[in-house]
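See below for the structure under consideration.
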Amino acid sequence: MDADRWQRLSPLLDALIELEPGARAQSLASLRDDDPQLAAELEELLALEDGQEDFLAEPVVSQLPHARTGAMVGPYQLERMIGEGGMGQVWLASRADGLYQRRVALKLLRPGLADPNLRLRFTRERQILARLEHAHIARLLDAGISSDQQPYLALEYVDGEPITDWCRARSPTIRQRIGLFLQVCDAVSHAHANLIVHRDLKPSNILVTPLDEVRLLDFGIAKLLDTPDAAPDNTRTGLRAFTLHYAAPEQIRGEPVTTMTDVYSLGVVLYELLVGAKPYRLKRQSDAEWEEAILAVDPTRPSAALQRRAEDASATPPQLRRQAREIAGDLDNIVLKALAKRPEHRYPSVEAFALDLRRHLEGKAVHARPASLAYRVRKYLGRHRWTLATVAAIGVVLVASLGIVGWQAQQAVQQAARAQALQSFMVGLFENASAAPDGAPLDIRRLLEDGVRRGDLELAQQPVARAELLGVIARLRSGLGDYVEALALQERQATIIDALDSPPASLRLQAVTDMGRTRRLLGQTSRCIREMDPWRTLARREQERLPLQAAAFHAQLARCLRDAGQLDAARAGFQRSLAIRRNATGQDAGVVEDLSDLAGLRAAAGQSALALREQRTALAMLRARVGERHPLAVEILRRTCALQRELGNVGAAERDCREALALALEVHGSQHRATIDVRRQLAALLVDEGRIGEADAALRDTQAWLLSRLGEDHSDVARNYNSLAVVAWERGDLDGALRDLRRANTIWRRQGDQGLLAGGLFNQAQVLHEAGDSDAAAAVLQEVLVLRKAVFGAGHGQVGNTWRMIGEVAAARGSDAEALVALRRAVALTSSSFGAAHPASRRAELALATFEAGRGVPGAMARLDHLGALPESDIELRKIAWRARATAAAVRCAGPQHGDASAALLALGQAVAVAQPEGGVVAREIARWHRACEAGATAP
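With positions in the sequence shown counted from 1, the corresponding number in my numbering is that position plus 73.
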């Protein structure tokens, strides 16, 4: 099969695989009429696919072709081989099909290896890389199968050198080496957060660029923790699935790997960076001796190994001895903890490993050695060596330490007294409330107001206890949805805390975090960031002593940063919170919340499929470790509902939303913010299903609650205006739709939310287009294009969706050349980003086929008929099929089949009316085309 033929077959094959059997047979029948040979080839390939679980599980050819310089693999031209391993080759290649210019690292299976297990591993690497997006991980750019059945991965080309070579060439300081290594830890930690263990960490897989930035490579044997292996890797292919010198003992024994396996390998890498040699000195370098050393021999302390090198060296012994002294102690213990034989004796996570290294760099006590009094005093003196340079100063510190001990004891007594005062106060408050006259029901809000008044009187001489009370009551008011009242209490609390000489750090962190949350709920994102940011240093300083408060602080600030569109800063905050919570006990719910928030950032960047997988993983973890009915499950289910809808899986979306709503009503009641959020999401699904009246009623109830609690200028209010506008548009109230869209877009523009503003403006352009104001629609779409390129990148499917609308509007304005370019871009971008079977890709394909059919382009009518046969089991695809059938009939109205076409439009309109009795945009389009057909108008 030649390359041109494969290029023709490949997209059709992708589309057919996604169809149900009945719809697939219909599509093949239509193709058979048009091109019998093409249909026969597709049927042959489909039969092959039906007989195998995966095309890659068995080779189509018995031996892969030999790659050579200048050869084409898919759209890439090979330039030179840059790497080779047991599994495959890596080539420097360049894109050669004219779509864009970029050099990539193209990974291919080694010629002559058609082993199905290696192909499965190759497929798994593609799946793993698709889950990872991090500054220090080489990105997956493209993947596919060439015309000669050669699978390939196109990766970001990293112009760099192995981290150990980089260090040998530049002789950086110990601090610089650790700083570089911490970049590696960040990358591996990101992989672990996505439930991926690398399993082959070694210097050749860690490159340093000319900008001194690390890139982690080669996830070829990585393990998905949420996907069970069929068999141990070293038995599946006959090849060792790791590099022996960096393997952990459990890998040698063939035991299951965990994230702590990567901790061990990182320990070996750090050892080599610090010492310039590996942890074990062997007489013979045989594999058997290496395995024995890894399993049974204690590694030499890094400082001792450096000292030995200094004794053996002839050139730079003073430098090596100086480095040995610098490493002795903390760094010795950190490295040896990472290299522990038993996984449970190592650091529990890469984040913990990195945290200890950062503590060492900051001169703080590390966790890798006993926290004796002498050791802690030494660390204190080391941090303050410039001010405590004399014996007299040390004496002062020791005297002060006695004072600190006394002060801490006094603080403990005071804290107990505050707790007792608050306990007595709250008990008295509820005892008095229970004596309501005439058995009247308890009024929670009135009770809380009484609590504030009584606290002002009874705790007037205990300002810390009074501040804590105000914080508790503010949290309760916030839980009731009384955000304005909660904020007023938190502002009073802040005033009291600011007046204290030395407010407890726990009180300060809790207060700042709570106020940040309330400001975010009220839409005051900028103030949240401005007020929380100055306390980052306190949160970091106290994260060992107050891990829960510090983690909550970082997570809350990250949410405000996310809402402000600062996604990278938000990601860093969530990752810091996650690292702290993973090292604390009883924080499973917090860990799940951070994982869900990180998945939300994926969605914000347009990676919906990956975000959905991560949200499902978080939900499974929540249910397994915390419980089925946890309130956090409501928000995660709402997020999966939104993602399923975005991916076109409307049925699955409704199931998730219904489950979320049932749980929200059980856990929160009908008037809680979480319940309102789920109802708003469900209303959007009702619109998709044509249940416009139900959606309108739900949205208007939601709007009343939002306006009463949040005020007019809030992002959630804008979201609801946007949803109400979609309902108005479906009903044909174009003026009402434009009015609500302009309200929503005004709010989003004021808040600087580019992603939401782009979506609102896109909807506005669609309504303007239907209203006949194509010039205004075109102007709005240009702004949408700029915004979406900024948010998602120029190659994303959302940008492709924008190009589709630009093309449709250009066609309506008579700009055929502009329309054709835009529509072709739309098809290319949506298909490459979402897949050919995604509703967005189908809509782009429909728009191009409609344009070309109206201009008599050969094959366009066949494509319309193919789209008209899409399965009606999916709501979004059903609408596309209706539009395709209506368009094809409208085109045929202009020819000899006028009568049949008019009848087809009439019948289709009746069928749509049965399916969607409340009408909608599609029903109006069909009716409009039928009227035009009856009047003898030209094709669309």
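We put the CB at the ideal spot given by N, CA and C, even for glycine.
Three-way DSSP call (helix, strand, coil) for residue i in this model
i	result
Q125	Residue confidence for Q125 is low, a pLDDT of 40 falling below 50, so the modelled location carries little weight; the figure read from the coordinates is stated next. If DSSP states are grouped into helix, strand and coil, Q125 belongs with coil.
P109	helix
R153	strand
P235	strand
D18	Past the boundaries of the shown model lies residue 18; the chain is included only from 74 to 1013, so the question cannot be answered.
L255	helix
R168	strand
L339	helix
V930	coil
L736	helix
L630	helix
V857	helix
L759	helix
K275	coil
V537	helix
K414	coil
C1006	helix
T246	coil
Q493	Annotation note: pLDDT 47 at Q493 (below 50); position unreliable, no value reported.
Residue i classed as buried or exposed, judged by whether at least 16 other C-beta atoms fall within 10 angstroms
i	result
I1007	One detail in the question is off: residue 1007 reads as Glu in this sequence, not Ile. Result: exposed.
G993	buried
V665	buried
A697	exposed
T923	buried
R718	buried
L502	Note that L502 scores a pLDDT of 49, beneath 50, so its modelled location is shaky; the value from the coordinates is reported in the next line. Result: buried.
S975	buried
Q110	exposed
G552	exposed
Q392	exposed
Q744	exposed
V882	buried
Residues that residue i bridges to, as DSSP identifies them
i	result
I210	L289
G180	In the sequence under discussion, the amino acid at residue 180 is Lys, which differs from the Gly named in the question. Answer is V163, L226, bridged to K180.
M145	Q150
L280	P235, R288
Reference residue i; option with closest CA among the options
i	options	result
M605	L595, A980, L619, F626	F626
E417	P931, L619, L811, P322	P322
R728	R711, H741, L738	R711
V342	L290, D846, R956, I279	I279
E564	G544, H271, R965	G544
G833	G866, S788, D848	S788
W778	D750, E762, F907	D750
N406	A909, F426, R632, R415	F426
P276	Y344, A216, L705	Y344
I546	E522, R581, A578, A533	E522
F254	L179, V270, S338, K180	S338
F865	R527, I569, L640	L640
E541	G524, R395, Y556	G524
E739	A706, E117, G721	A706
L685	A652, G156, Q660, N722	N722
R603	L630, A737, H318, H1003	L630
L860	A926, Q827, A737, N836	Q827
A411	Q380, S376, M333	M333
I251	R956, A967, G742, R431	R431
If you pair each beta-carbon of the stretch 772-781 with each one of the stretch 993-1009, do three or more pairs fall below 8 Å? no
When you compare the stretch 221-236 with the stretch 691-708, are there three or more beta-carbon pairs, one atom per stretch, that lie closer than 8 Å? Contact fails: fewer than three Cβ-Cβ distances are below 8 Å.
Determine contact between the stretch 862-873 and the stretch 906-915, defined as no fewer than three beta-carbon pairs at a distance below 8 Å. yes
Could you check whether the stretch 788-799 touches the stretch 811-820, counting it as contact only if at least three pairs of C-beta atoms, one from each stretch, sit closer than 8 Å? yes
If we count Cβ pairs, one from each stretch, closer than 8 Å, do we get three or more for the stretch 977-989 versus the stretch 752-760? no
Below 8 Å, how does it come out for the stretch 555-571 and the stretch 588-606: are there three or more Cβ pairs, yes or no? yes
Validate contact between the stretch 346-355 and the stretch 369-388 using beta carbons, cut 8 Å, 3 pairs: yes
Are the stretch 417-428 and the stretch 650-667 in contact at 8 Å, needing three or more beta carbon pairs? The stretch 417-428, when compared against the stretch 650-667, does touch it at the 8 Å Cβ threshold.
For the structure I just gave you, are there three or more beta carbon pairs, one from the stretch 666-682 and one from the stretch 640-654, closer than 8 Å? As far as the Cβ criterion goes, the stretch 666-682 touches the stretch 640-654, which means the pair count is three or higher.
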